[in-house]
Every structure is written in structure tokens, then in C-alpha cells.
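Below is one structure, written out as C-alpha cells; the observations come after it.
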Amino acid sequence: MKVKRKVIAMWAVVFSTGVACLAGDGKDEAKQPSGQKPTQIQADKKESTVETAPVEDVAFFEKKYQKKITGVKPIGEYSDPDQFYAAIGEQLGIPEMAWKAAAEKYGWKKDDGKHTFTILKGGPTSAGGQGTWDVMFIRSAVNPETKKPDPATMEQVMVQIDYDGKIKILERKSKDMTPFVRELEKKREVVK
């Protein structure tokens, strides 16, 4: 907490110093030692050519993928942008493309008795930045006694697909997910 206060204080000093310099009354020249001319700084007047990302709306995806998308509201009407991208990605078949790539690499089968949980994110993703789809698969065997996923068999795989269709499998993790599953079960009990 002390570090945060120091950083805030430092930025306050920098900001106030900058404001004071901008609000100066032009008397700075009188304070210069004799024989020295004040330094002048000129701003570079080149125009910025920073490209902005295209607006990713329904029309953008219809044009990009040459496919009609129906029933998806504008992104601003969703409480979470991930809902918009998930609706678009489902209609474009992104999870199926990712499944096919992961199944080919790891020998997965749809009817192998394992439970698969899929998470789809699009747009600016943490793993890929702008213009990518991230599909996370969490797979596990189902315990025959409890009929619930067995945390000791859980694995996760992240598949990344860019908007041009290039597929990259980022990771495969196998670990005991028991604490994670217990926490999810607690949350479900609270909701019920």
C-alpha cells in the first residue's frame, strides 16, 4: 500500500510540474544565466499514421467469413463483450475447428467417456491480442460413482485461431484440479 501511495504522489508531482510549466507566464527567459539562450523544444509536426482496428460488429464478421450471422445483437447490448464474441464464434463454427485441431493432435474422440467443458473468447484476447479466437478445453474422465468429473484426470488445452484461420495449440496441462472443482461446487451450492 505504501508503494502505491508513493507512486501516486510521484505522478501528482510530475503532473503538477507539467501543468505549472504549461501555465508559465513567459518570465522564464529572465531567469536564465547571462549569455545563455533559453532552450526551445519544437514538436514534430508529422501526422500520425496509427492504424486503428476495424470495428468488430456483426457486419465485420459476415464480410470476413462470408457467412450470414443471425440473432446476434450489437456488442453494446451485451453486459459482457465475451457474450457477443461467443455468439458470433458459435455461428462461425470456431469451437468445432478448435476441437478438430486438438483431437487430431491428442487423439481425442467425442465418445471416449470424457467430459469436455469449452470456453470461447474472441476479439482482443489475452493470449493472442486483436483478431483472434481463444478456445479453452477442459477435459476429464467422469467418476462412475459420483457421476461428476474426476479432478485428478483433468487436462486443459488452449487452441488459438486467428481471423484468417491459422491454428495454434498453445498449451496442454494435466494437473489435479480437485481444489478448483471443490470451489466450483461450493459456488453452485450457493446459487441453488
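All residue numbers for the sequence shown refer to the working numbering, where the first residue is 3 and numbers rise by one.
Beta carbons: idealized from backbone N, C-alpha and C, even for Gly.
Buried or exposed for Phe-139, please, with buried defined as at least 16 other CB atoms from any protein chain shown within 10 angstroms of its CB.
Phe-139 is classed as buried because its beta carbon has at least 16 other beta carbons within 10 Å across all chains shown.
Alpha-carbon to alpha-carbon, Pro-76 and Gly-167
Between Gly-167 and Pro-76, the alpha-carbon positions lie close to 24 angstroms from each other.
Run the CB neighbour count on Pro-56, radius 10 Å, all protein chains shown included, and call it buried at 16 or more, exposed below.
The residue in question, Pro-56, is exposed, as its Cβ has fewer than 16 Cβ neighbours within 10 Å.
Just checking my contact of Gly-115 with Ala-143 at CB under 8 angstroms: how many whole Å lie between their CB atoms?
A Cβ-Cβ separation of about 7 angstroms places Gly-115 in contact with Ala-143 under the 8 angstroms criterion.
Hey, quick one: how far does the beta strand (DSSP E) through Ile-121 stretch, first residue to last?
Residues 116 to 123.
Alpha carbon to alpha carbon, how far is His-117 from Thr-155?
Distance between the alpha carbons of His-117 and Thr-155 is about 10 angstroms.
Have a look at the DSSP bridge pairing and note the partners of Ser-81.
Here Ser-81 is not bridged, per DSSP, to any residue.
Leaving out five residues before and five after Ile-90 in sequence, what residues of the same chain have Cβ atoms less than 8 angstroms from its Cβ?
Result list for Ile-90: Val-60, Phe-63, Ile-71, Val-74 and Gly-124, in chain order.
Buried versus exposed, by CB contacts within 10 Å (16 or more), Thr-134
With 16 or more other Cβ atoms within 10 Å, it is buried.
Comparing alpha-carbon positions, which option in Pro-146, Lys-102, Phe-86 and Gln-85 lies nearest Ile-163?
For the options Pro-146, Lys-102, Phe-86 and Gln-85, the alpha carbon positioned closest to that of Ile-163 is the one of Lys-102.
Among Asp-136, Glu-79 and Lys-107, which one has its Cα closest to the Cα of Glu-92?
Looking at the Cα atoms, Asp-136 is the closest of the given residues.
Alpha-carbon to alpha-carbon, Pro-153 and Val-161
Roughly 21 angstroms separates the two Cα atoms.
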